[in-house]
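The opening residue of the sequence shown carries number 940 in my numbering; numbering runs sequentially from there. Since the structure comes first, as structure tokens, the remarks are kept for the end.
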Amino acid sequence: MYDEYVMERYKEGLTGKGTVTPEPNFTFVKPKFRKKDICDELVKISELNTSHRAKKYLINRGINEDTLSKFYYCPDFKRWTNKHKKIYDTTDNDDDRIIIPLRNSKGELFGYQGRSLDPTSKMRYITVMLDENAPKIYGLEKINTQKPIYILEGPFDSLFMENSVAMCGSDVDIRTFGWSSYIWVYDNEPRNREIVNRLERSINRGDQVVIWPSNIKEKDVNEMILAKHNICDIIKTNTFSELKAKLQLNLWKKV
């Protein structure tokens, strides 16, 4: 058997004088290093016990089990925030909050919001920017910029709309993003002067906006979902721009 093996190698030119041994072909794969994600230090809401108040809060808002894994629970918001960015002079009166990650189109964390679980809190949402140059927008990692993008006022509201984001600050100029099409979906608060002003500015820029019909009494998309409204149909039939939007706004606003 050995002699046959040697003979085969001889025939193939792999033995004997003048043998040329082929060089081994090594393929090196460049390692990919994942940027540190500080949310990994926290527990995902989906991993909490069903009786935990943070999990119950989101479930009561109609958020399904699969989506819960996108959010985190932080038992000491001030301490954890100061660990990564010094914001608070003191961590006295610290509280627990739900962490809403703000990620770019690559899924990299650039900031977060902390949602209070205390119904009496004067600061329901606190936004912390790890990158001050990043836009204060939730949901950039999950949108298709070649399709119409719905811009809502709250991260939880945006979970119920396909291809949507949420504004986490008013200092963002959407026009700089180069999106093919976008529609503003403001809260249904006709007596809120600030929302009316935002609608007017959006309409004057030529943007598309949603003006809620009078039979809708809920103040935001999340409440409408809980009330079993068909949000997609309502938005589709109540999206306006230019003169039609101005006329509808005048009928809707109460200020």
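Heads up, the beta-carbon is just placed ideally off N, CA and C, and yes, glycines get one too. Please read all numbers here as calculations on a predicted model, not as lab measurements.
Contacts around residue i, its chain only, beta-carbon distance under 8 Å, and the 5 residues preceding and following it disregarded
i: residue 944; result: For residue 944, the predicted structure reports a pLDDT of 49, less than 50, and the residue's modelled location is therefore unreliable. The matter cannot be settled from this model.
i: residue 941; result: For residue 941, the pLDDT reaches just 48, beneath the cut-off of 50, and the residue's location in the model is therefore unreliable, although a value from the coordinates is still provided. Closer than 8 Å at Cβ, skipping near neighbours: no residue.
i: residue 1080; result: 1042, 1043, 1044, 1045 and 1046
i: residue 1086; result: 1102, 1119 and 1120
i: residue 1111; result: 1074, 1075 and 1076
i: residue 1083; result: 1102
i: residue 1062; result: 1055
i: residue 1194; result: 1129, 1130, 1131, 1132 and 1135
i: residue 1117; result: 1084
Beta carbon of residue i nearer than 8 Å to that of residue j
i: residue 1148; j: residue 1179; result: yes
i: residue 1106; j: residue 1090; result: yes
i: residue 1051; j: residue 1038; result: yes
i: residue 1093; j: residue 1035; result: no
i: residue 1131; j: residue 1150; result: no
i: residue 1173; j: residue 1155; result: yes
i: residue 1169; j: residue 1096; result: no
i: residue 1058; j: residue 1048; result: no
i: residue 1002; j: residue 1098; result: yes
i: residue 1016; j: residue 1033; result: yes
Chain-order list of residues whose beta-carbon lies under 6 Å from that of residue i (same chain, five-residue window excluded)
i: residue 985; result: 1007 and 1008
i: residue 982; result: 1012
i: residue 1251; result: The shown model of the chain, from 940 to 1194, leaves out residue 1251, and the question about it has no answer.
i: residue 946; result: Because residue 946 carries a pLDDT of 47, less than 50, the predicted location of this residue cannot be relied on, and the following value inherits that uncertainty. There are no such residues.
i: residue 978; result: 1011 and 1040
i: residue 1157; result: 1163 and 1166
i: residue 1020; result: 1026 and 1067
Alpha-carbon spacing of residue i relative to residue j, whole angstroms
i: residue 1188; j: residue 975; result: 45 Å
i: residue 1203; j: residue 1022; result: Past the edges of the chain, shown from 940 to 1194, lies residue 1203, and the structure says nothing about it.
i: residue 1012; j: residue 1068; result: 18 Å
i: residue 1065; j: residue 1072; result: 18 Å
i: residue 1054; j: residue 1183; result: 37 Å
i: residue 997; j: residue 989; result: 11 Å
i: residue 1018; j: residue 994; result: 21 Å
i: residue 1163; j: residue 1124; result: 13 Å
i: residue 1192; j: residue 1127; result: 10 Å
i: residue 1133; j: residue 992; result: 32 Å
i: residue 1031; j: residue 1014; result: 14 Å
i: residue 1029; j: residue 980; result: 21 Å
i: residue 1145; j: residue 1114; result: 11 Å
i: residue 1152; j: residue 1060; result: 32 Å
i: residue 1109; j: residue 1140; result: 12 Å
i: residue 1122; j: residue 987; result: 35 Å
i: residue 1078; j: residue 1181; result: 27 Å
i: residue 1241; j: residue 1104; result: For the chain, the structure presents residues 940 to 1194; residue 1241 sits outside this window and is missing.
Own chain partners of residue i with C-beta closer than 7 Å, once the 5 adjacent residues on each side are dropped
i: residue 1024; result: 1067 and 1069
i: residue 1000; result: 1095 and 1161
Closer than 8 Å to chain B by CB, residue i
i: residue 1123; result: Although the question refers to chain B, the structure presented lacks it and comprises just one protein chain.
Legend entry - Whole runs of the beta strand (DSSP E) within the stretch 1121-1159, excluding any shorter than 3 residues: 1121-1124 and 1147-1149
Legend entry - Every unbroken beta strand (DSSP E) inside the stretch 999-1070 [3 residues or more]: DSSP assignment within the stretch 999-1070 yields the following whole beta strand (DSSP E) runs of 3 residues or more, N-terminal first: 1011-1013, 1036-1042, 1048-1055 and 1064-1068.
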